[in-house]
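Peer 1: Chains as they are written, first to last, in the numbering used here: chain A, 493 to 694; chain B, 126 to 383; chain C, 160 to 498.
All C-beta atoms, glycine included, are put in the ideal place defined by N, C-alpha and C.
Keep in mind the model is a prediction, meaning the values are calculated, not measured.
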Amino acid sequence: MSKIREQGFTFADELPPATDSVVGHYVVYTQKKEGAPHRYAGWLNAPDIDMATQYACEHYGQDESCVNIWLHDRSRMHETPVSDTPLPGEDAPDDPGATAWTVFTQKRRGDIHVEQGQVQLGDEKTALSAAVARFGQGMTQVRIVPRDSMASTEVDRVIWRTHDQGYRLAKGYSKSVRAKWDAFRKTEDIEEYRKDDIENHF
Amino acid sequence: MTNAMNNMLNDLEALLVLKMADDKLFLGHMQSDWTGLGPILEEDIASSSMAQDDLSHALVLYEYLGNRFDLDPDVIAYERKPNQYLCCDLATVPDDFNWATSLVRRWLFTHYAAPVLDRLALFEDKELAERAHRLRAEEGLHVEYLDDWMRRLGSSSDEARDRIQEAIDLLSTHAGMLFEIPGRDIDTDDSFCCGRSELFEEWARNTNGVLEQTELKMQVQLPGMEIVGGRSGVHADHFAAAHAEMGAVRSADPGAAW
Amino acid sequence: MSGAANPVMNIDPSLEDQDKLAEFEQRIADGVLIEPGDWMPDAYRIGMLKMAEHHANSEIIGALPEGEWITRAPSLRRKLALTAKVQDEVGHGQMLYRVSQDLGKPREEMLRDLITGKTKYHNCFNYPAPTWADIAMIQWLIDGAAIMNQKTLADGAFGPYVRTMHRINMEEAFHFKSGEDMVLTLMSGTKKQKAMTQEAFDRWWGPSIMFFGPHDKPNCEQLPPMKWRMKTESNDSLRQRFLNRFAPAALDLGLLIHVCEKDEEGMVTSKKVDEACVPDDTTGNWGVTDPDWDEFFRVIRGNGPCNAHRVALRRFSYEQGAWVRRAIASGTSSLPPAA
Numbered sequence: 493m494s495k496i497r498e499q500g501f502t503f504a505d506e507l508p509p510a511t512d513s514v515v516g517h518y519v520v521y522t523q524k525k526e527g528a529p530h531r532y533a534g535w536l537n538a539p540d541i542d543m544a545t546q547y548a549c550e551h552y553g554q555d556e557s558c559v560n561i562w563l564h565d566r567s568r569m570h571e572t573p574v575s576d577t578p579l580p581g582e583d584a585p586d587d588p589g590a591t592a593w594t595v596f597t598q599k600r601r602g603d604i605h606v607e608q609g610q611v612q613l614g615d616e617k618t619a620l621s622a623a624v625a626r627f628g629q630g631m632t633q634v635r636i637v638p639r640d641s642m643a644s645t646e647v648d649r650v651i652w653r654t655h656d657q658g659y660r661l662a663k664g665y666s667k668s669v670r671a672k673w674d675a676f677r678k679t680e681d682i683e684e685y686r687k688d689d690i691e692n693h694f
Numbered sequence: 126m127t128n129a130m131n132n133m134l135n136d137l138e139a140l141l142v143l144k145m146a147d148d149k150l151f152l153g154h155m156q157s158d159w160t161g162l163g164p165i166l167e168e169d170i171a172s173s174s175m176a177q178d179d180l181s182h183a184l185v186l187y188e189y190l191g192n193r194f195d196l197d198p199d200v201i202a203y204e205r206k207p208n209q210y211l212c213c214d215l216a217t218v219p220d221d222f223n224w225a226t227s228l229v230r231r232w233l234f235t236h237y238a239a240p241v242l243d244r245l246a247l248f249e250d251k252e253l254a255e256r257a258h259r260l261r262a263e264e265g266l267h268v269e270y271l272d273d274w275m276r277r278l279g280s281s282s283d284e285a286r287d288r289i290q291e292a293i294d295l296l297s298t299h300a301g302m303l304f305e306i307p308g309r310d311i312d313t314d315d316s317f318c319c320g321r322s323e324l325f326e327e328w329a330r331n332t333n334g335v336l337e338q339t340e341l342k343m344q345v346q347l348p349g350m351e352i353v354g355g356r357s358g359v360h361a362d363h364f365a366a367a368h369a370e371m372g373a374v375r376s377a378d379p380g381a382a383w
Numbered sequence: 160m161s162g163a164a165n166p167v168m169n170i171d172p173s174l175e176d177q178d179k180l181a182e183f184e185q186r187i188a189d190g191v192l193i194e195p196g197d198w199m200p201d202a203y204r205i206g207m208l209k210m211a212e213h214h215a216n217s218e219i220i221g222a223l224p225e226g227e228w229i230t231r232a233p234s235l236r237r238k239l240a241l242t243a244k245v246q247d248e249v250g251h252g253q254m255l256y257r258v259s260q261d262l263g264k265p266r267e268e269m270l271r272d273l274i275t276g277k278t279k280y281h282n283c284f285n286y287p288a289p290t291w292a293d294i295a296m297i298q299w300l301i302d303g304a305a306i307m308n309q310k311t312l313a314d315g316a317f318g319p320y321v322r323t324m325h326r327i328n329m330e331e332a333f334h335f336k337s338g339e340d341m342v343l344t345l346m347s348g349t350k351k352q353k354a355m356t357q358e359a360f361d362r363w364w365g366p367s368i369m370f371f372g373p374h375d376k377p378n379c380e381q382l383p384p385m386k387w388r389m390k391t392e393s394n395d396s397l398r399q400r401f402l403n404r405f406a407p408a409a410l411d412l413g414l415l416i417h418v419c420e421k422d423e424e425g426m427v428t429s430k431k432v433d434e435a436c437v438p439d440d441t442t443g444n445w446g447v448t449d450p451d452w453d454e455f456f457r458v459i460r461g462n463g464p465c466n467a468h469r470v471a472l473r474r475f476s477y478e479q480g481a482w483v484r485r486a487i488a489s490g491t492s493s494l495p496p497a498a
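(1) Run down chain B in chain order and give the residues with a C-beta less than 7 Å from the C-beta of Trp291/C.
(2) How far does the alpha helix (DSSP H) with Leu140/B in it reach, from first residue to last?
(3) Does the beta carbon of Pro233/C sit closer than 8 Å to a beta carbon anywhere in chain B?
(4) Of the residues Gly480/C, Gln479/C, Arg474/C and Val458/C, which one's Cα is nearest the Cα of Phe284/C?
(5) Classify Leu536/A as helix, strand or coil using the three-state DSSP reduction.
(6) Determine contact between the stretch 272–287 of chain C and the stretch 337–347 of chain C, defined as no fewer than three beta-carbon pairs at a distance below 8 Å.
(7) Where do the ends of the alpha helix (DSSP H) carrying Lys667/A lie?
(8) Identify whether Gln608/A lies in helix, strand or coil by the three-state DSSP scheme.
(9) Mind pulling the chain A residues with CB within less than 8 Å of Ile220/C?
(10) Just to check my reading of the structure: Ala254/B and Leu247/B have Cβ atoms closer than 8 Å, yes? What is that Cβ distance to the nearest angstrom?
(11) If we ignore side chains and look at the alpha-carbon of each, how far apart do Trp232/B and Val637/A end up?
(12) Give the DSSP-derived three-state secondary structure of Leu494/C in the structure shown.
(13) Any idea what DSSP makes of Arg285/C, helix, strand or coil?
(14) Please check if any C-beta of chain B sits within less than 8 Å of the C-beta of Gln696/A.
(15) Kindly indicate which residue of Val191/C, Ala215/C and Gln298/C has the alpha-carbon position closest to the one of Ala359/C.
(16) Output, in sequence order along the chain, the residues in the stretch 561–593 of chain A whose CB is closer than 7 Å to any CB in chain C.
(17) For Val520/A, which option in Thr654/A, Glu526/A, Val650/A and Asn560/A has the closest C-alpha, if you only look at C-alpha atoms?
(18) Please state whether DSSP places Trp224/B in a helix, a strand or coil.
(19) Rounded to whole angstroms, what is the Cα-Cα separation between Gly609/A and Ala488/C?
(20) Let me check understanding here. Comparing Cα to Cα, which of Gly443/C, Glu268/C and Leu174/C lies closest to Leu208/C?
(21) Give the interface partners of Leu613/A over in chain B, defined as CB-CB distance under 9 Å, in chain order.
(22) What's the C-alpha gap between Phe456/C and Asp440/C?
(23) Taking the beta strand (DSSP E) that Gln598/A belongs to, which residues open and close that run?
(24) Helix, strand or coil for Trp291/C? Go by DSSP, reduced to three states.
(25) Can a CB atom of chain C be found closer than 8 Å to the CB of Pro240/B?
(26) Buried or exposed, going by whether 16 or more other CB atoms sit within 10 Å of the CB of Arg326/C?
(27) Are the C-beta of Phe694/A and some C-beta of chain B separated by less than 8 Å?
(28) Output needed for Pro438/C: all residues of its chain with C-beta closer than 6 Å, excluding positions within five of it in sequence on either side, in chain order.
(29) Can you tell me the Cα-Cα spacing of Thr591/A and Arg568/A, whole angstroms?
(30) Assign His360/B to one of three DSSP states: helix, strand, or coil.
(31) Using the DSSP secondary-structure output, state which residues sit across from Lys421/C in a beta bridge.
(32) With DSSP run on the structure shown, which of helix, strand or coil describes Leu184/B?
(33) Report yes if the C-beta distance between Ala240/C and Ser337/C is below 8 Å; otherwise report no.
(34) From the DSSP secondary-structure annotation, give me the bridge partner or partners of Asn466/C.
(35) Are Pro240/B and Leu324/B close, meaning C-beta to C-beta below 8 Å?
(36) So, does the stretch 572–581 of chain A touch the stretch 663–672 of chain A, judging by three or more C-beta pairs under 8 Å?
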């Protein structure tokens with residue numbers, strides 16, 4: 493192992509002063525395929541939205557194949573409370589001159605938020621109410637984010653890598669594991685063991 | 126050493142691929158060691174992704190060579206003698222977990238790798254050209270990311286700027302040797318190495334273009350053709366250490382499958 | 160890998176608003192998930208904060224023993240896989256710290272509490288990984304145990320934690336599969352490889368059995384952690400499922416299951432075959448010799464083979480990176496626009 497990992501350390505009595513590098517808190521959505529809705533992936537801290545976009549690509553963009561990423565500062569979103577009863581909302585016609593808001597909804601408690609569409613209305617209250625009326629049927633929560641405060645990866649940006657990613661995916665090992673078990677176990681036992689994998693664990 | 130390996134090492138075009146693969150292997154080797162120890166969690170994750178890119182790029186190029194010369198890519202990566210590796214010194218200069226050294230090293234290298242991959246992507250061999258083309262797209266991410274960091278730190282606090290300057294001063298002495306030509310019997314300036322002076326000028330233009338937006342300074346000269354180093358298999362001690370560590374498990378049980 | 164095998168939680172529900180508490184408990188019993196805007200007992204908020212923090216700490220420290228072997232991985236694919244795996248752990252730490260940040264504790268404070276020993280992480284990372292086969296064992300046994308545990312945690316009641324668990328479990332499937340592939344490769348390999356694997360198995364079997372935590376209290380299902388679905392399965396029940404899956408698999412691979420004694424460095428000094436590790440005639444459940452719980456508590460208190468080293472390396476990394484965080488915090492508003 494590298495020498496530093498191995499070495500003994502001596503430290504001053506005190507830690508260096510705390511530095512809060514957590515300047516911004518960003519919410520990240522990934523799109524798996526062109527045309528598919530953007531789905532909530534996670535959150536991260538970054539000094540600004542440019543670096544947040546890079547971080548989002550290198551973290552959430554590498555977890556599974558992904559063609560586009562959206563993110564926004566958490567302070568820019570507006571949400572209804574999480575509700576188990578139908579959300580109240582009143583629709584209004586879009587105003588082409590007004591702010592465009594992207595709408596995300598949560599279908600059930602515990603679910604992730606998924607992109608539904610857009611409303612274009614002056615203030616957040618009317619916009620949220622219209623978003624609920626248009627997209628909130630059967631949803632536990634509706635969230636709106638002003639379009640102009642969302643960052644998006646550029647159209648041609650490589651996010652998911654083109655070289656073989658099998659090394660970082662379970663399916664990259666399935667064949668090899670299956671073949672190696674053959675030397676140790678009867679076929680029916682392997683099938684039983686694999687079934688257990690899929691049903692109970694993964 | 127097998128015949129297949131000798132065939133590869135005697136093929137001048139293969140050496141051009143091998144020097145890029147070896148750079149990527151050792152750069153990825155040094156940087157992947159940082160995983161879990163970076164200065165900010167998000168940064169740790171991002172840099173590890175790029176270390177994986179470098180290791181993957183090495184693999185993609187070793188696979189190309191493996192197909193061509195009938196060799197196992199891992200045998201090419203792990204089982205040559207130290208003087209048969211063609212990576213530059215810059216790749217294995219120890220960084221002692223100093224983030225400034227790690228950052229500047231990768232930044233100096235990516236501005237070299239991007240134009241070299243551009244040139245490899247123009248080779249007549251379609252398989253090589255196609256591989257280099259794919260790698261180049263990902264190299265672009267590294268350029269953008271590392272440039273961004275250099276601009277940020279190079280114009281933030283005095284402390285950060287001084288640390289980055291110190292790393293530049295340490296590493297820029299090795300940077301010129303990025304352009305060393307492998308294979309001693311190539312003696313023209315612009316033959317196999319895709320035009321050494323032209324490549325150097327492009328590199329200097331791009332790196333200085335970033336530094337001009339900061340308070341950082343760098344001086345690098347293109348070393349003379351007679352100066353030999355890593356690309357000729359003449360390596361510093363830190364290479365030997367990195368090479369030994371990389372092969373420690375594999376060489377303890379030769380021939381075993383892992 | 161993780162180990163939300165459970166930070167010590169002293170929860171006193173008698174301090175809460177009893178009507179609201181009754182309603183909350185009914186909702187939980189009905190399987191309703193709790194979202195951050197909902198009313199919840201203070202003890203629940205604090206308990207979830209600590210649980211997510213402990214889990215995050217475990218990911219961050221869990222990155223260290225395996226990180227030691229990235230530079231020595233014996234093939235390019237293994238090197239890539241190990242790097243990606245350790246990176247995932249940092250990613251999981253980041254996501255889990257975020258859950259606790261939202262419950263009120265800044266990340267910086269959590270990182271400082273970890274390196275000053277105010278907060279803990281999972282016990283199993285205080286054991287050494289002296290060979291490559293230990294990496295295989297960590298990924299097979301410890302990640303296997305972690306997935307079993309986290310699968311039940313994903314069935315918990317706190318929305319943000321549940322969402323994070325789902326994402327983590329998806330990624331950890333690769334960790335386990337890669338570990339299984341390594342163990343299979345080594346046990347199909349040379350004499351030397353098999354011997355190294357048996358030795359690593361001997362080191363990790365005990366910590367795996369202890370992974371799920373000590374035996375449960377008899378009324379554990381009525382106590383807040385389970386009653387409030389912060390966890391959903393008892394330690395002993397999880398341990399049984401682990402044994403039923405891994406004991407026969409280990410034996411089929413040709414490994415011997417031993418009861419071991421270890422020295423202070425965590426290295427095995429003597430071992431004998433575990434006679435109790437056989438399936439029960441009627442239930443089919445596998446048995447195991449009860450591990451040395453004194454050792455478990457000794458390691459938790461900070462006296463395991465690697466406690467000091469793990470925390471010190473984490474502190475080194477924290478101090479070493481402080482200037483980067485200072486530079487970021489000093490503001491990048493004067494930043495020239497990106498070219």
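Peer 2: From the atom records:
(1) What you label residue 291/C is simply residue 132 of the third sequence in a count that begins at 1. For a Cβ distance threshold of 7 Å, residue set Val374 of chain B lies close to Trp291/C, ordered along the chain.
(2) As a first step, residue 140/B is located in the second sequence; it is residue number 15 there, counting from the start. Run containing Leu140/B: Leu137 to Ser157, per the alpha helix (DSSP H) assignment.
(3) Residue mapping note: residue 233/C aligns to position 74 of the third sequence, counting from 1. Answer yes: the Cβ-Cβ gap between Pro233/C and chain B drops below 8 Å somewhere.
(4) Counting from 1 along the third sequence, the entry for residue 284/C is found at position 125. For the options Gly480/C, Gln479/C, Arg474/C and Val458/C, the alpha carbon positioned closest to that of Phe284/C is the one of Val458/C.
(5) Counting from one through the first sequence, the residue named residue 536/A turns up at place 44. It is a strand residue.
(6) Contact fails: fewer than three Cβ-Cβ distances are below 8 Å.
(7) Position 175 of the first sequence, counted from the first residue, corresponds to residue 667/A. Start and end: Lys663 to Trp673.
(8) The sequence position of residue 608/A within the first sequence is 116, counting from 1. Strand at Gln608/A.
(9) Your numbering for residue 220/C matches position 61 in the third sequence. In chain order: nothing, as chain A lies at least about 13 Å away.
(10) Locating residue 254/B in the second sequence gives position 129, counting from the first residue. Locating residue 247/B in the second sequence gives position 122, counting from the first residue. Right, their Cβ atoms sit about 7 Å apart.
(11) Residue numbering aside, residue 232/B sits at position 107 when the second sequence is read from its first letter. Residue numbering aside, residue 637/A sits at position 145 when the first sequence is read from its first letter. Roughly 36 Å between the two C-alpha positions.
(12) Taking the first residue of the third sequence as position 1, residue 494/C is located at position 335. Its pLDDT being 46, under 50, Leu494/C is placed unreliably by the model, and the measurement read from it follows with that caveat. Coil.
(13) As a position in the third sequence, residue 285/C is number 126, starting the count at 1. The sequence shown places Asn at residue 285/C, rather than the Arg named in the question. In this structure, Asn285/C counts as helix in the three-state DSSP scheme.
(14) No statement about residue 696/A is possible, as the shown extent of chain A runs from 493 to 694 and does not include it.
(15) Within the third sequence, numbered from 1, the residue matching residue 359/C stands at position 200. Nearest option by C-alpha distance: Gln298/C.
(16) Residues Pro573 and Val574.
(17) Taking the first residue of the first sequence as 1, we reach residue 520/A at position 28. Ranking Thr654/A, Glu526/A, Val650/A and Asn560/A by CA distance to the CA of Val520/A puts Asn560/A first.
(18) The residue given as residue 224/B occupies position 99 in the second sequence. In the structure shown, Trp224/B falls within a helical segment according to DSSP collapsed to helix, strand and coil.
(19) Taking the first residue of the first sequence as 1, we reach residue 609/A at position 117. Taking the first residue of the third sequence as 1, we reach residue 488/C at position 329. Each residue's Cα considered, the two are about 36 Å apart.
(20) Translated into the one-based positions of the third sequence, residue 208/C becomes position 49. Of the candidates Gly443/C, Glu268/C and Leu174/C, the one whose C-alpha sits nearest the C-alpha of Leu208/C is Glu268/C.
(21) Locating residue 613/A in the first sequence gives position 121, where the first residue counts as 1. Result: empty, since nearest Cβ-Cβ is about 34 Å, beyond 9 Å.
(22) Here residue 456/C is taken as the residue at index 297 of the third sequence, counted from 1. Here residue 440/C is taken as the residue at index 281 of the third sequence, counted from 1. Roughly 33 Å separates the two Cα atoms.
(23) Residue numbering aside, residue 598/A sits at position 106 when the first sequence is read from its first letter. Bounds of the beta strand (DSSP E) holding Gln598/A are Ala592 to Gln598.
(24) On the third sequence, residue 291/C is found 132 positions in, with the first residue counted as 1. Per DSSP, reduced to three states, the secondary structure at Trp291/C is helical.
(25) Mapped onto the second sequence, residue 240/B falls at position 115. Closer than 8 Å: no.
(26) As a working mapping, residue 326/C is identified with position 167 in the third sequence. That one is buried.
(27) Sequence index remark: in the first sequence, residue 694/A carries index 202 (1-based). Here Phe694/A scores only 48 on pLDDT, less than 50, and its place in the model should not be relied on; the value that follows carries that caveat. Chain B places no beta carbon closer than 8 Å to that of Phe694/A, leaving this residue out of the contacts.
(28) Here residue 438/C corresponds to residue number 279 of the third sequence, with the count starting at 1. Correct list, in chain order: Trp445.
(29) For this step, residue 591/A is matched to residue 99 along the first sequence. For this step, residue 568/A is matched to residue 76 along the first sequence. When only Cα atoms are considered, Thr591/A and Arg568/A end up about 13 Å apart.
(30) Counting from 1 along the second sequence, the entry for residue 360/B is found at position 235. Correct three-state label for His360/B: coil.
(31) Taking the third sequence and counting its residues from 1, one reaches residue 421/C at position 262. Looking at the DSSP assignment, Lys421/C forms a beta bridge with Val427/C.
(32) Residue numbering aside, residue 184/B sits at position 59 when the second sequence is read from its first letter. Leu184/B falls in the helix class under three-state DSSP.
(33) Within the third sequence, the letter at position 81 stands for residue 240/C. Within the third sequence, the letter at position 178 stands for residue 337/C. Yes, Cβ-Cβ distance for Ala240/C and Ser337/C is below 8 Å.
(34) Translated into the one-based positions of the third sequence, residue 466/C becomes position 307. Answer is none; Asn466/C lacks a bridge partner.
(35) Position 115 of the second sequence, counted from the start, is the residue given in the question as residue 240/B. Position 199 of the second sequence, counted from the start, is the residue given in the question as residue 324/B. In contact: Pro240/B and Leu324/B (Cβ atoms closer than 8 Å).
(36) Between the stretch 572–581 of chain A and the stretch 663–672 of chain A, the count of C-beta pairs closer than 8 Å stays below three; the two stretches do not touch.
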